[in-house]
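Only one structure is covered here, and it is reproduced in the block below.
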Amino acid sequence: MGEPLQRDLAAPREGSACLRGFLRETTGGKRMGNMLYDLHFELDAMLVVLFIMPPVALFILWRSFRRLKDQQTDNGKARPRLWPICAILICAAVIFEACAITSLISQYRQYDHIERAWRSGQYETVEGYVEFFSPMPYAGHAYESFVIDGVAFYYSDFSSTVGYHNARSHGGVITGNGQYLRIGYIPGDGVKDNIIVSIEAPPAPEGEAAKSGGSAFGAAAFS
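According to my numbering, the sequence shown is numbered sequentially starting from 1351.
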């Protein structure tokens, strides 16, 4: 593992260009490369959909409730009393919306916690060749994973995890074994809980051949 990169809390961070310039000043002569990813807030698409659906459903139910209330009879015959069902559905939509809002707030708080740790230098770095790369199928149903220098990472586009979680099948920057990368990450409690906060592609060490598979040391990360 490499040394944690110390970040100045007062330094501005405006996208990858600013981060690259900042890292050039703080890496102590390390080989710099392309910054492929740096931590940023991403709204989970499914949460956005779930956030929008209840208000639309509430509007439709409210119009239906008003129509039923204003038209109690039809040709002198009493209409079925459907308004209790509408009232129950409205309550369910309100609860659903409250859950969606709570999830969005929780996701942002998690991001804020990780972002503060990252900016204050409370994270680790690991540098080396990607080993044991296991891609995620396009439809999901499995995590994408890989190992660098004995540190394992798992992620998926179908997870709302803060940090990098873009699989190769969905255009991710980690494409397979043999890539030489420098990963900034916040260690988690479990083997699948390491959170990637930055991915850089520095030049590979001169005279060192890329690895195509994995070492016994890397395999130990999955055991």
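Glycine is no exception: its CB is placed at the ideal position from the N, C-alpha and C atoms.
Predicted, not measured: the structure shown is a model, and the values here were computed from it.
Could you name the residues that DSSP lists as bridge partners for Ser1495?
Counted from its first residue, the sequence shown places residue 1495 at position 145. In DSSP, Ser1495 forms a bridge with Ser1484 and Tyr1504.
Can you tell which of Arg1532, Ile1546, Asn1544 and Val1547 has its C-alpha closest to the C-alpha of Asn1384?
Taking the first residue of the sequence shown as position 1, residue 1384 is located at position 34. Of the candidates Arg1532, Ile1546, Asn1544 and Val1547, the one whose C-alpha sits nearest the C-alpha of Asn1384 is Arg1532.
Would you say the segment 1432-1444 touches the segment 1478-1490, given that touching needs at least three Cβ pairs under 8 Å?
Verdict: no, contact absent.
What does a CB cutoff of less than 6 Å around Phe1391 pick up in its chain, not counting 5 residues either side in sequence?
To locate residue 1391, count along the sequence shown from 1; it is residue 41. Tyr1461, listed in sequence order.
If you run the structure through DSSP and keep just helix, strand and coil, what is Val1591?
For the chain, the structure presents residues 1351 to 1573; residue 1591 sits outside this window and is missing.
Taking 8 Å as the cut-off, does the segment 1449-1463 touch the segment 1498-1508 (at least 3 CB pairs, one atom from each stretch)?
no
Residue from Pro1552, Ala1407 and Phe1496 whose Cα sits closest to the Cα of Val1541
Along the sequence shown, read from residue 1 onward, the residue named residue 1541 stands at position 191. Closest by alpha carbon: Phe1496.
Thinking just about the alpha-carbon of each residue, which of Leu1386, Met1403, Ala1442 and Ala1489 is nearest to the one in Ser1509?
Along the sequence shown, read from residue 1 onward, the residue named residue 1509 stands at position 159. The option with the nearest alpha carbon to Ser1509 is Ala1489.
Put Thr1525 into one of helix, strand or coil per three-state DSSP.
Working through the sequence shown from its first residue, we reach residue 1525 at position 175. Look at Thr1525 here: in three-state DSSP terms it is coil, with no helix or strand label.
To which residues of the same chain is His1520 closer than 6 Å at the C-beta, ignoring the five residues directly before and after it?
By one-based count along the sequence shown, residue 1520 stands at place 170. Closer than 6 Å at the Cβ level, and outside the excluded window around His1520, lie Asp1507.
Assuming Glu1534 is part of the beta strand (DSSP E), what are its boundary residues?
Within the sequence shown, residue 1534 is the residue found at index 184, counting from 1. The sequence shown places Gly at residue 1534, rather than the Glu named in the question. Gly1534 -> beta strand (DSSP E) spans Tyr1530 to Ile1536.
What residues in its chain sit with their C-beta under 8 Å from that of Leu1408, if we drop five residues either side in the sequence?
The count along the sequence shown starts at 1 and reaches residue 1408 at position 58. Ile1440, Ala1443, Val1444 and Glu1447.
Since Ile1536 and Trp1468 are thought to touch, with beta carbons under 8 Å apart, how far apart are those beta carbons, to the nearest angstrom?
Within the sequence shown, the letter at position 186 stands for residue 1536. Within the sequence shown, the letter at position 118 stands for residue 1468. Contact flag correct, Cβ pair sits at about 7 Å.
If you run the structure through DSSP and keep just helix, strand and coil, what is Cys1511?
Numbered from its first residue, the sequence shown carries residue 1511 at position 161. The question names Cys, but residue 1511 in the sequence shown is Thr. In the structure shown, Thr1511 sits in coil (DSSP, three-state: anything other than H, G, I, E or B).
With respect to the beta strand (DSSP E) encompassing Val1476, which residues constitute its N-terminal and C-terminal limits?
Counting from one through the sequence shown, the residue named residue 1476 turns up at place 126. Boundaries of the beta strand (DSSP E) around Val1476: Glu1474 to Tyr1479.
Coarse secondary structure for Asp1539, derived from DSSP in three states
To locate residue 1539, count along the sequence shown from 1; it is residue 189. Coil.
Cβ neighbour criterion (16 or more within 10 Å) applied to Pro1553:
The sequence position of residue 1553 within the sequence shown is 203, counting from 1. Exposed, because fewer than 16 other Cβ atoms sit within 10 Å of the Cβ of Pro1553.
What is the DSSP secondary structure of Leu1389, reduced to helix, strand or coil?
Numbered from 1 along the sequence shown, position 39 holds the residue referred to as residue 1389. Reduced to three states, the DSSP call for Leu1389 is coil.
Would you call the CB atoms of Tyr1530 and Tyr1473 closer than 8 Å?
In the sequence shown, residue 1530 corresponds to position 180, counting from 1. In the sequence shown, residue 1473 corresponds to position 123, counting from 1. Not closer than 8 Å, so no.
C-alpha gap between Gly1513 and Arg1416, whole angstroms:
Counting from 1 along the sequence shown, the entry for residue 1513 is found at position 163. Counting from 1 along the sequence shown, the entry for residue 1416 is found at position 66. Going from the Cα of Gly1513 to the Cα of Arg1416 covers about 46 Å.
Those residues which DSSP pairs with Asn1384 across a bridge
Reading the sequence shown from its first residue, position 34 is the one you call residue 1384. Partner(s): Ala1551.
Contact test: Ala1551 Cβ vs the ligand ZN heavy atom, cutoff 7 Å:
In the structure shown, the ligand ZN is absent, as is every other ligand, since no ligand is present at all.
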